[in-house]
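K.L.:
Please see the structure below; I have some questions.
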Amino acid sequence: MLVFFLLGVGQKASHVYYKDNLVRLSALLVLIVVTGYIWQCFTVPEALLGDSIAKRYITAFCLFVVVAYGMNVTPKVSPFLLLISAGVGLFVHLTTLSTDIWVAAWQGERVDLGLKNAQHAGVVFGVALLASMFFLPRVSLLPFRARMLALPLLGCFILLMIFGVIATQTRAVWLGLAFSAVILPLFFAVILLIWRRSVHWRALAHAAAIGTGILLLASMMLYSMVGSITQRLSEETVDATTITKMARSETISNSSIGVRIGLWSVACEWIAERPVFGWGRRAASKLIKQSPHFNEEFKKKYTHVHNSYLETIVGVGAAAIACMIAIILLVAWRTTVLWRRREMPTDVFFFSCAVFSFWIIVNIFESYVILNFGTFLNTVIGGFVYSWYLRRKRETS
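Here this note's numbering is used: the first residue of the sequence shown is 17, the next is one more, and so on.
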């Protein structure tokens, strides 16, 4: 609340942010989470009651609004500074790693490259790769001296991101990037048919050339990196019968797929018991420990549901996730309308679509949203995208 109050400095209209429906939805989310926590304190058995770490959902879905308004306070500063600063921070971090880590990654070992774990690192590299790919054509339009400096740096950054995506060996990230690569051309075709937007064929040819070049680089790098990287895609095989048994909790295997299907199936039972306000953020680990479906070894190793959507409903209930979806849809709608009015750059719009598609997929297989890197990515990307809407709104007013 103090941050929102201080953001009033520099605004032409008093309390302008209170008129924003997105701010109102954020306030509603705070109210729902707090109300749900109070309800949990009185209704959830003490042995299963989680703590107030559910407040992380507020940070994950509201902090980007604060960042966007902060960018709007200084209109002379480009929103791209937010992405550039995050990219520079990641680049500096990678330069501090020891040579042994890079050698191990090149030899096919699964590494986290100095981040929390390989899964979270893979998501960070995936988002950074999408950003560097989509805005590479923009860098090529800079003045000559700036272009000669920026292009080599961005080229090295793209190579590092490709290496990171491969070395972290996170299949959800690979699937998310593939999904984005399929969705974007389909989305582009729909735009041509329905909205009749004019096509800049030269820009499209440049984008296709860049995408093809990056795909070739990734293929060469994957071929050169020895070890078990290519086996990652085929090391787990399941059939319909196995999936059915795991979904019914008749058998829970220790494989990556088996763990997730088993947890998701049991999580649906927990949701059915407390659908509105949930069990509490930390209740999932306690529910797993008390579940008869899992053995002791499983209970010691796994403490969450490995799915952001189910984890959220188990933790804070359907009321909170409905508000979160409303926040996402409002941002998506305003972004689309802004682009249709030609008030948002096309590369920014398509970048937001690609990241949204990627983010939807990876969160099916891991609870990224409320953890540190998930909150960081939500804040940076969400703040970057929404700041364009606030900037245009300020200019028109």
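Glycine included, C-beta positions come from ideal geometry on N, C-alpha and C. What you are looking at is a predicted structure, and each value in this text was computed from that prediction instead of being measured.
1. Taking the straight line between their C-alpha atoms, what separation do you get for V104 and S324?
2. Excluding the 5 residues flanking L279 on each side, which residues of the same chain have their C-beta closer than 6 Å to its C-beta?
3. Ignore the nearest five residues each way along the sequence and tell me which others in A166's own chain have a CB closer than 7 Å to its CB.
4. Within a Cβ cutoff of 6 Å, which residues of the same chain sit near V174, ignoring the five residues on either side of it in sequence?
5. Quick one, which of T184, H309 and F392 has its alpha-carbon nearest S101's?
6. When you compare only the Cα positions, how much space is there between V353 and L152?
7. Which residue's Cα is closest to the Cα of L98: V39, S403, E411 and V332?
8. Which residue's Cα is closest to the Cα of A370: V60, F310, F141 and L193?
9. So what's A256 in DSSP terms, helix, strand or just coil?
10. Rounded to the nearest angstrom, what separates Q306 and F374 at their Cα positions?
11. May I have the straight-line CA-CA distance separating F381 from M177, to the nearest angstrom?
12. Could you tell me the boundaries of the alpha helix (DSSP H) in which T395 lies?
13. Compute the distance between the beta-carbons of V189 and G138, then report whether it is under 8 Å.
14. Check this for me: beta carbons of L41 and W295, under 8 Å apart or not?
15. What separation, rounded to the nearest whole angstrom, lies between the Cα atoms of F150 and V364?
16. List the endpoints of the continuous alpha helix (DSSP H) containing L323.
17. Using a Cβ-Cβ cut-off of 7 Å (strictly less than) and excluding sequence neighbours within five positions of K316, which residues of its own chain qualify?
18. Can you tell me where the alpha helix (DSSP H) holding Y85 begins and where it ends?
19. What number of angstroms, rounded off, separates the C-alpha of W355 from the C-alpha of A348?
20. Given this structure, state the Cα-to-Cα distance separating H31 from F179, to the nearest angstrom.
21. Using only the alpha-carbon positions, how far apart do K132 and T412 sit?
22. For F421 versus I343, is the C-beta spacing smaller than 8 Å?
P.N.:
Short version:
1. Stepping through the sequence shown from its first residue, residue 104 is reached at position 88. Stepping through the sequence shown from its first residue, residue 324 is reached at position 308. Going from the Cα of V104 to the Cα of S324 covers about 28 Å.
2. Within the sequence shown, residue 279 is the residue found at index 263, counting from 1. Apart from the 5 residues on each side of it in sequence, L279 sits with its Cβ closer than 6 Å to the Cβ of V321 and H322 in its chain, given in chain order.
3. As a first step, residue 166 must be located in the sequence shown, where it is residue number 150. Within its own chain, the residues whose Cβ lies closer than 7 Å to the Cβ of A166, once the five positions on either side in sequence are excluded, are V155 and L158, listed in chain order.
4. By one-based count along the sequence shown, residue 174 stands at place 158. Looking at the sequence itself, residue 174 is Ile, so the reference to Val does not match. Answer for I174: S148, listed in chain order.
5. Numbered from 1 along the sequence shown, position 85 holds the residue referred to as residue 101. Answer by Cα proximity: F392.
6. Taking the first residue of the sequence shown as position 1, residue 353 is located at position 337. Taking the first residue of the sequence shown as position 1, residue 152 is located at position 136. Cα to Cα, the separation comes out at about 25 Å.
7. Position 82 of the sequence shown holds residue 98. Nearest C-alpha to L98: S403.
8. Indexing the sequence shown from 1 puts residue 370 at position 354. Comparing Cα-Cα distances from A370 to each of V60, F310, F141 and L193, the minimum goes to L193.
9. Against the sequence shown, residue 256 aligns to sequence position 240. Confidence in A256 is poor, its pLDDT being 47 and thus under 50, which makes the residue's placement unreliable; the coordinate value appears in the next sentence. Three-state DSSP puts A256 in a helix.
10. Indexing the sequence shown from 1 puts residue 306 at position 290. Indexing the sequence shown from 1 puts residue 374 at position 358. Inter-residue distance for Q306 and F374 is about 34 Å (C-alpha atoms, whole angstroms).
11. In the sequence shown, residue 381 corresponds to position 365, counting from 1. In the sequence shown, residue 177 corresponds to position 161, counting from 1. Each residue's Cα considered, the two are about 21 Å apart.
12. Here residue 395 is taken as the residue at index 379 of the sequence shown, counted from 1. Unbroken alpha helix (DSSP H) run through T395: N388 to T412.
13. As a first step, residue 189 must be located in the sequence shown, where it is residue number 173. As a first step, residue 138 must be located in the sequence shown, where it is residue number 122. In contact: V189 and G138 (Cβ atoms closer than 8 Å).
14. On the sequence shown, residue 41 is found 25 positions in, with the first residue counted as 1. On the sequence shown, residue 295 is found 279 positions in, with the first residue counted as 1. No; because the gap between Cβ atoms is not below 8 Å, this pair is not in contact.
15. Taking the sequence shown and counting its residues from 1, the one referred to as residue 150 is at position 134. Taking the sequence shown and counting its residues from 1, the one referred to as residue 364 is at position 348. For F150 and V364, the distance between alpha carbons rounds to 8 Å.
16. Numbered from 1 along the sequence shown, position 307 holds the residue referred to as residue 323. The residue you asked about is not Leu; residue 323 is Asn in the sequence shown. Boundaries for N323: no alpha helix (DSSP H) harbours it, and the DSSP string shows neither H nor E there.
17. Translated into positions along the sequence shown, residue 316 becomes position 300. Same-chain partners within the cutoff: there are none.
18. Working through the sequence shown from its first residue, we reach residue 85 at position 69. Unbroken alpha helix (DSSP H) run through Y85: R72 to V89.
19. For the purposes of this step, residue 355 is identified with residue 339 of the sequence shown, where counting begins at 1. For the purposes of this step, residue 348 is identified with residue 332 of the sequence shown, where counting begins at 1. Between W355 and A348, the C-alpha separation is close to 11 Å.
20. Counted from its first residue, the sequence shown places residue 31 at position 15. Counted from its first residue, the sequence shown places residue 179 at position 163. Here H31 scores only 48 on pLDDT, less than 50, and its place in the model is too uncertain to base an answer on.
21. Within the sequence shown, numbered from 1, the residue matching residue 132 stands at position 116. Within the sequence shown, numbered from 1, the residue matching residue 412 stands at position 396. Spanning the alpha carbons of K132 and T412 requires a straight line of approximately 43 Å.
22. Given that the chain is displayed from residue 17 to residue 413, the structure contains no residue 421 and the question cannot be resolved.
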